[in-house]
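**Q**
Numbering (the numbering used here), first residue to last: 13 to 658.
1) Could you compute how far the alpha carbon of residue 642 sits from the alpha carbon of residue 628?
2) Which residue comes first and which comes last in the alpha helix (DSSP H) that contains residue 620?
3) Residues bridged to residue 175 by DSSP?
4) DSSP three-state label for residue 140, please.
5) When the Cα atoms are used, what is the spatial distance from residue 562 to residue 468?
6) Can at least three beta-carbon pairs, one atom from the stretch 199-213 and one from the stretch 260-272, be found at a separation below 8 Å?
7) Taking just the CA atoms, how far does residue 140 sit from residue 493?
8) Is the number of C-beta pairs between the stretch 370-389 and the stretch 107-122 that are closer than 8 Å three or more?
9) In this structure, what does DSSP give as the bridge partners for residue 455?
10) Decide yes or no for the touch test of the stretch 424-440 against the stretch 344-358: beta carbon pairs closer than 8 Å, at least 3 of them.
11) Tell me, please, which residues DSSP counts as bridged to residue 314.
12) Could you tell me how far apart the beta carbons of residue 436 and residue 510 are, in whole angstroms, since I believe they sit closer than 8 Å?
13) Going by Cα to Cα distance, which pick from 257, 107, 94 and 192 is closest to residue 233?
14) From the DSSP output, in three-state form, read off residue 556 for me.
15) Cα separation between residue 547 and residue 146?
16) Please report the distance separating the alpha-carbon of residue 338 from that of residue 302.
17) In chain order, what residues of the same chain lie with their CB nearer than 7 Å to the CB of residue 526, ignoring the 5 residues before and after it?
18) Give the single residue among 255, 295 and 297 whose Cα lies nearest to the Cα of residue 277.
19) Beta carbon of residue 438, beta carbon of residue 452: below 8 Å?
20) Might you give, ordered along the chain, the residues of its own chain that have their beta carbon closer than 7 Å to the beta carbon of residue 53, omitting 5 neighbours on each side?
21) Count the other CB atoms within 10 Å of the CB of residue 637; is the residue buried (16 or more) or exposed (fewer)?
22) Pick from 181, 518 and 512: whose alpha carbon is nearest that of residue 534?
23) Can you tell me whether DSSP reads residue 642 as helix, strand or coil?
24) Using beta-carbon positions only, say whether residue 311 and residue 404 come within less than 8 Å of one another.
25) Please list, in chain order, all residues of the same chain as residue 431 whose beta carbon is under 8 Å from its beta carbon, the five residues on each side excluded.
26) Is the separation between the beta-carbon of residue 114 and that of residue 64 shorter than 8 Å?
27) Between residue 607 and residue 564, is the Cβ-Cβ spacing less than 8 Å?
28) Are the CB atoms of residue 76 and residue 108 within a distance shorter than 8 Å?
29) Please confirm if the stretch 358-373 is in contact with the stretch 381-388, defined as three or more CB-CB distances below 8 Å between the two stretches.
30) Given a cut-off of 8 Å, decide if residue 299 and residue 356 are closer than it, judged by their beta-carbon atoms.
31) Might you give, ordered along the chain, the residues of its own chain that have their beta carbon closer than 8 Å to the beta carbon of residue 86, omitting 5 neighbours on each side?
32) Among residues of its own chain, excluding the 5 on either side of residue 270, which ones have a beta-carbon nearer than 8 Å to its beta-carbon?
33) Are the C-beta atoms of residue 521 and some chain C residue less than 8 Å apart?
34) Out of curiosity, what's the CA-to-CA distance linking residue 224 and residue 206?
35) Here's a check: name, in chain order, each residue in its chain whose Cβ is nearer than 7 Å to the Cβ of residue 138, leaving out the five neighbours to either side.
36) Checking 8 Å against the spacing of the C-beta atoms, do residue 178 and residue 323 come in under that value?
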C-alpha cells in the first residue's frame with residue numbers, strides 16, 4: 013500500500029493523484045549540468061501552476077530530492093537558473109535526469125505529502141530527521157470488562173485510549189509502574205487473566221486489584237479506570253483530593269489497613285508528579301521544540317507535555333542541512349516528525365517560522381482538529397521554551413564533543429590498520445550457536461556518529477556445517493558481498509564497508525580471504541580481533557592482518573577500548589539473535605512444516621492425536637476423522653509424511 017493511501021488519510025488517493033502526472037526524461041549517468049537543466053525544462057513545458065510535490069531522479073531512477081510548492085511551475089523554474097543556486101543544488105541539478113510531479117488541492121496537502129515521501133525515500137539532498145525509533149505510548153484498553161494498561165508501540169490497532177508520546181521506553185516504564193501502584197489496574201494479558209484461580213504476585217505487592225479472581229467487582233474497577241483517565245488527562249489534583257478524602261474516611265472508620273493502602277497510592281501519585289523535570293501546570297497538552305546551531309551541526313530538543321505533565325524529552329540531529337536556514341530545517345523536521353507521532357493541539361517553538369500557519373493547517377487536517385504553532389513571547393510559556401532551548405544547546409555541545417572524540421578515534425583506527433582515510437563505515441561480524449544448533453551469523457555497523465542499528469543484519473546458516481566456525485564465516489561473507497556486488501556494483505549507495513572487523517583469529521581471517529579472492533574483491537580491508545593467550549585478562553586482544561602479521565595494543569589505549577566496544581556490540585547482537593532463534597525453535601512443531609496447516613488445524617490435530625509423531629504415523633482415514641480437518645487437509649498432511657510432500 014502506498015503511503016498516499018494511508019488509513020488515517022481516507023481521501024489521500026484522490027488528493028495525491030501521482031499516476032495522473034508523471035514526466036520522465038532519461039540521460040547519461042555522469043553529472044551534466046546542461047543535461048539536468050534540459051530535463052527540468054522539458055518538464056516545465058507541461059507543468060501546471062497548481063500546488064504539489066516534485067521529485068528529482070538521477071539516471072538510475074533513485075530519488076535525489078523531494079520538494080513542495082504552492083505553484084509548481086514557479087518553483088521548479090528556479091532550478092533552471094543555475095547561477096542563483098548554491099553549489100550543492102547545482103550538483104543536484106547536474107545529476108537530475110527525470111522528475112515525478114504530484115499535484116495536490118492545497119499547499120498544506122503538499123506539505124504532508126512531501127514529509128511522507130522524504131520519510132519513504134530518504135533523498136540525499138533533503139534535510140532528514142535521523143531517528144529510527146518509534147515512540148512508546150501508554151494504552152488503556154477498552155475491549156474487556158476489566159481494561160488492561162500497557163506499553164504500546166506501532167500501529168494503533170487496539171480499541172482504547174492512547175496516552176503519549178513518551179520520549180523513551182525507560183520513561184514510559186517508570187510511569188507505568190507508578191500508575192499500577194496508583195490505580196491498581198491489571199497489566200496481564202487476557203489469556204493469563206482468564207486462567208487465574210488465585211491472585212498473582214502483583215496483587216501481593218499492591219500493584220493490581222486482582223479482578224481476575226473477583227477481589228474487586230466491575231463497578232469498583234470501572235471507578236479506578238475513570239480515575240486513571242482523569243489523571244492521564246491532566247486532572248491529577250482532583251485525583252489527589254479524592255484519594256486524600258478516601259484515606260481520611262478509612263482512618264476515621266478505623267480501617268487502618270485500607271488507609272495504609274490509600275496512603276501508598278498517594279505516594280505513587282506524588283512520585284509521578286515529582287518526577288516531572290519541568291513544571292508545566294496549566295499548559296495542558298503541548299509539544300515544545302527548540303533549535304541550536306553550532307559548527308555546522310543542528311540540534312533540536314523536543315519536550316512532550318501531556319495534561320500539564322512532562323512525559324520526557326529527546327534530542328534530534330538532522331542530516332543534510334547545508335544551504336538550509338534554521339527555520340527551513342525546523343519546518344522540515346516537524347513535518348517529518350509528525351508523520352509518525354500525533355501532534356499536540358499546541359506546538360511551541362523558540363522562533364518564528366515563515367510557514368507556521370501552513371504547518372498548523374497541514375497537521376490539523378491530518379489530526380481532524382485545530383493545531384496551533386506558536387512562538388511564545390511572554391508568560392510561563394516563554395520559560396518552558398527557554399528551558400528547551402538550554403537543553404538543545406547542551407545536547408548539541410555533548411554531540412560535538414562526542415563527534416570530536418569519535419573523529420580522533422577513527423583517525424587512529426585508520427593509522428593502526430593502514431587505511432588511506434578514517435573509515436566512514438565499519439562492519440563487524442560474529443557467529444553464534446550452541447554445539448552447532450540454531451547457528452547464525454551477525455553483522456553490526458558503526459560510523460562516525462556511532463552504531464547504525466537500522467543496518468544490522470543476521471544470517472541464518474543454511475549450507476555450512478554448523479559446528480565449523482570457519483565454514484559459517486565463509487557462508488556469511490559469501491552471501492553478504494555477493495549480494496553487494498549484485499545490488500551495488502558501483503558502490504554508490506554507501507553500503508560497502510571501509511573496514512571489516514572479524515571476531516576471530518587466523519582461521520576466520522583465512523576464511524574471509526578465500527571468499528574475497530573468489531569474488532575478486534581486493535580493496536576491502538579486513539582484520540581479525542581475537543583474545544590473546546591470557547583470555548582472562550582484559551586488553552590482551554590480538555589483531556590479525558590478512559598477510560599474517562599480528563598486532564597488540566597497550567591495555568590503556570583509547571583506540572583499543574573503541575575496538576573492544578565494536579566487538580562487544582556484535583557479541584551482544586549475535587547472542588540476542590541466537591536466543592530469539594532458539595526460543596522460537598523450542599516452541600516449534602513438526603506440523604509447522606506442513607503447507608496449508610495453520611494454528612487452528614495444528615491444534616485440532618494435536619488435540620486429537622496427542623503428539624506430532626502420532627499425526628505423522630496416522631492413516632488417511634484416521635486423519636479425516638479428526639475434528640475440524642477436511643478431507644483435502646487430511647490428504648495434504650498424509651501426502652507430506654508419506655512421500656507426496658518434500
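Think of the CB as a built atom: it goes at the ideal place given N, C-alpha and C, for glycine as much as any other residue.
In this text the structure is predicted, and so the values were computed from the model without any measurement.
**A** On the basis of the coordinates in this document:
1) Those two C-alpha atoms are separated by around 17 Å.
2) 611-621
3) 150
4) Looking at residue 140 - three-state DSSP - the assignment turns out to be strand.
5) 28 Å
6) no
7) 28 Å
8) Segments in contact, yes.
9) DSSP lists 441 and 469 as partners of residue 455.
10) no
11) 301 and 326
12) With a beta-carbon spacing of about 6 Å, residue 436 and residue 510 fall inside the 8 Å limit used to define contacts.
13) 192
14) strand
15) Model confidence at residue 547 stands at a pLDDT of 49, short of 50, so the residue's coordinates are unreliable and nothing is read from them.
16) 11 Å
17) Apart from sequence neighbours up to five positions away, the residues of its chain that approach residue 526 with a beta-carbon distance below 7 Å are 486, ordered along the chain.
18) 255
19) The answer is no: Cβ separation not under 8 Å.
20) 92.
21) exposed
22) 512
23) coil
24) yes
25) 425, 510, 511 and 537
26) Between residue 114 and residue 64, the C-beta spacing is below 8 Å.
27) no
28) In this structure, the beta-carbon distance from residue 108 to residue 76 falls below 8 Å.
29) yes
30) yes
31) 61
32) 262
33) Considering every chain present, this structure includes no chain C. It has just one protein chain.
34) About 7 Å.
35) 77, 78, 130 and 332
36) yes
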